[in-house]
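Counting from 1 along the sequence shown, just add 3 to a position and that's the residue number in my numbering.
Each residue gets a CB set at the ideal place from its N, CA and C atoms; glycine is no exception.
A quick note: this is a predicted structure, and the numbers were derived from the prediction, not measured.
Report on the structure given below.
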Amino acid sequence: MASFSINPAGEKFELPEAGDFDKEFARVEALVEQARSEGKEIVVVMGVGFVGAVMAAIVADTVDADGNPSKFVIGCQRPSTRSYWKIPMLNRGVSPVKAEDPEVDPMIARCVLEKKTLTATYNSDCLKLADCVVVDVQCDYSKRELGNMRNGEVEMAALEATVKTIGEKVTPECLTLIETTVAPGTTEFVAWPIMQKAFAQRGVDATPLLAHSYERVMPGKEYVSSIRDFWRVCSGCNEPARERVVKFLNEVLNTDEFPLTVMDRPIESETSKIIENSYRATTLAFLNEWSLFSERNGVDLIKVINAIKVRPTHSNMIFPGPGIGGYCLPKDGGLGYWAYKHILCFDDGEEIFKISPAAIDINDTRGLHVATLTRDALRNMGRYIAAAEVVICGASYRQDVGDTRYSGSEVVVRRLTEMGAEMRVHDPYVDHWYEFESQ
């Protein structure tokens, strides 16, 4: 019996069967042969989600000094029921991610249909053809309970499996670049040994070329620019890998205006991303307590913040919304906390990490206060929250995007539902809220 993957619009795509893989590889191999004859570098992007799909298009849109396309990109996604639909959609020239940025859809259509520098496949054997592999596979941090970051765990299985597959199939000359935000130490002490072991089992007498460079993608109206036209930090596990990643990023990103910062070791670039987002999470948590103070004392906190921001040293103060979300801020501090014990093998994490866990816990539970305010507002109107119809405008974590991962709205919806409210949600960018599938 056939299995299907259904896209957000409801279209069904039959999952490939075992007999389809050889035919699919032959299709991709023919495209690669043509691209190589034209002098193009072959780049495989593993994972075509919120980061990978747009990164693949940016690389595929790259041109050389003469204005000719210089890369041929293969987006690779495993054929699961949840994600396979992205492959046929991409091969139609249709973006698998919904975005407000007017650059996204035309860029993907142009690269697939006109320039023919981008294709997508479910067959990971395409790795055998790669000169460079970019890894955009999730490395999540799962919390067992709300408001207690410390008891969470890093979900590294998908990343480890992807790296193992890469090590089993790429040539020794191929560069592997991890773009995923990972726990500090992952590239050097987890991924590199996996690739080295895979090389040894194949009888390959070479050191894998492995590098790390985290993305700073910001879905929304400047989706493409946040990847292509923004500062990057990069590093390599050894000097050859470092040289290769610098060369690659200089070719595909706007490093003339936004120069690279090259670190000595991957643990430095990995830690940069974790501290970068932990800092922002902490400033939001700091203002949470002052928003409660202001709410209870009739103080207009937005007016207060605008008055403070006149001072240049405080110009980047940000106001916490109803809930703090997004794929980075709610989890990245947890990756660092977990790595300190489980990768780097220190046992005094409880003493060292005090501010970052507290900040994440405060931000995670802010949505509960919004639900309480809603209940009290209805009560002041002579209404009860039980059986009340409540509409929440905005399911994603920020405006103009369709990303619901760790959305602050989720906590609000769950809490109001527990109180007995009949919930309705409006968000023009969200067709399906995956986090509520198993309710």
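For residue i, decide whether its Cβ has a neighbour in chain D, counting only Cβ atoms nearer than 8 Å.
i, result
"residue 17", "Annotation note: the requested chain D is absent from the structure, which comprises a single protein chain."
Residue i: which of the options sits nearest, CA to CA?
i, options, result
"residue 173", "143, 277, 188 and 212", "212"
"residue 334", "102, 124 and 155", "155"
"residue 12", "98, 286, 302 and 193", "98"
"residue 189", "248, 341 and 15", "341"
"residue 360", "90, 404, 69 and 285", "285"
"residue 499", "386, 201, 123 and 214", "This structure does not reach residue 499, given that the chain is present from 4 up to 442, and the question cannot be answered."
"residue 59", "168, 119, 425 and 170", "119"
"residue 51", "43, 61 and 42", "61"
"residue 436", "413, 424 and 322", "413"
"residue 35", "263, 76 and 14", "76"
"residue 82", "37, 234 and 27", "27"
"residue 20", "229, 374, 368 and 6", "6"
"residue 364", "168, 348, 31 and 149", "149"
"residue 362", "344, 288, 384 and 418", "288"
"residue 198", "222, 350, 166 and 184", "166"
"residue 257", "229, 371, 203 and 171", "229"
Let me check one thing: in DSSP terms, what residues is residue i bridge-paired to?
i, result
"residue 429", "396"
"residue 263", "235"
"residue 49", "79 and 138"
"residue 122", "77"
"residue 11", "Paired residues: none, contrary to the question."
"residue 102", "404"
"residue 289", "According to DSSP, residue 289 bridges with nothing at all."
"residue 157", "144"
"residue 44", "74"
"residue 193", "Answer by DSSP bridge pairing: none, since residue 193 is not bridged."
When you compare the CB positions of residue i and residue j, do they come within less than 8 Å of one another, or not?
i, j, result
"residue 180", "residue 136", "yes"
"residue 328", "residue 400", "yes"
"residue 428", "residue 395", "yes"
"residue 236", "residue 272", "yes"
"residue 176", "residue 138", "no"
"residue 103", "residue 406", "no"
"residue 390", "residue 422", "no"
"residue 112", "residue 78", "no"
"residue 274", "residue 196", "no"
"residue 18", "residue 65", "no"
"residue 330", "residue 386", "no"
"residue 44", "residue 74", "yes"
"residue 63", "residue 130", "no"
"residue 338", "residue 278", "no"
Using DSSP with H/G/I as helix, E/B as strand and the rest coil, what is residue i?
i, result
"residue 226", "helix"
"residue 334", "coil"
"residue 144", "strand"
"residue 177", "coil"
"residue 239", "strand"
"residue 381", "helix"
"residue 435", "coil"
"residue 445", "Examination of residue 445 is not possible in this model, given that the chain is present from 4 through 442 alone."
"residue 271", "helix"
"residue 72", "strand"
"residue 16", "strand"
"residue 97", "coil"
"residue 185", "coil"
"residue 313", "coil"
"residue 66", "strand"
"residue 131", "helix"
"residue 363", "helix"
"residue 368", "helix"
"residue 423", "coil"
"residue 221", "coil"
"residue 253", "helix"
"residue 34", "helix"
"residue 258", "coil"
Below 8 Å on the Cβ atoms is my guess for residue i versus residue j; work out the distance and round it to an integer in Å.
i, j, result
"residue 355", "residue 193", "The Cβ separation is near 21 Å, so there is no contact."
"residue 415", "residue 326", "6 Å"
"residue 88", "residue 151", "In fact, because the Cβ distance is near 36 Å, the residues do not count as touching under 8 Å."
"residue 227", "residue 107", "6 Å"
"residue 304", "residue 374", "Their Cβ separation, rounded to whole angstroms, is 20 Å, which puts residue 304 and residue 374 out of contact at 8 Å."
"residue 411", "residue 369", "7 Å"
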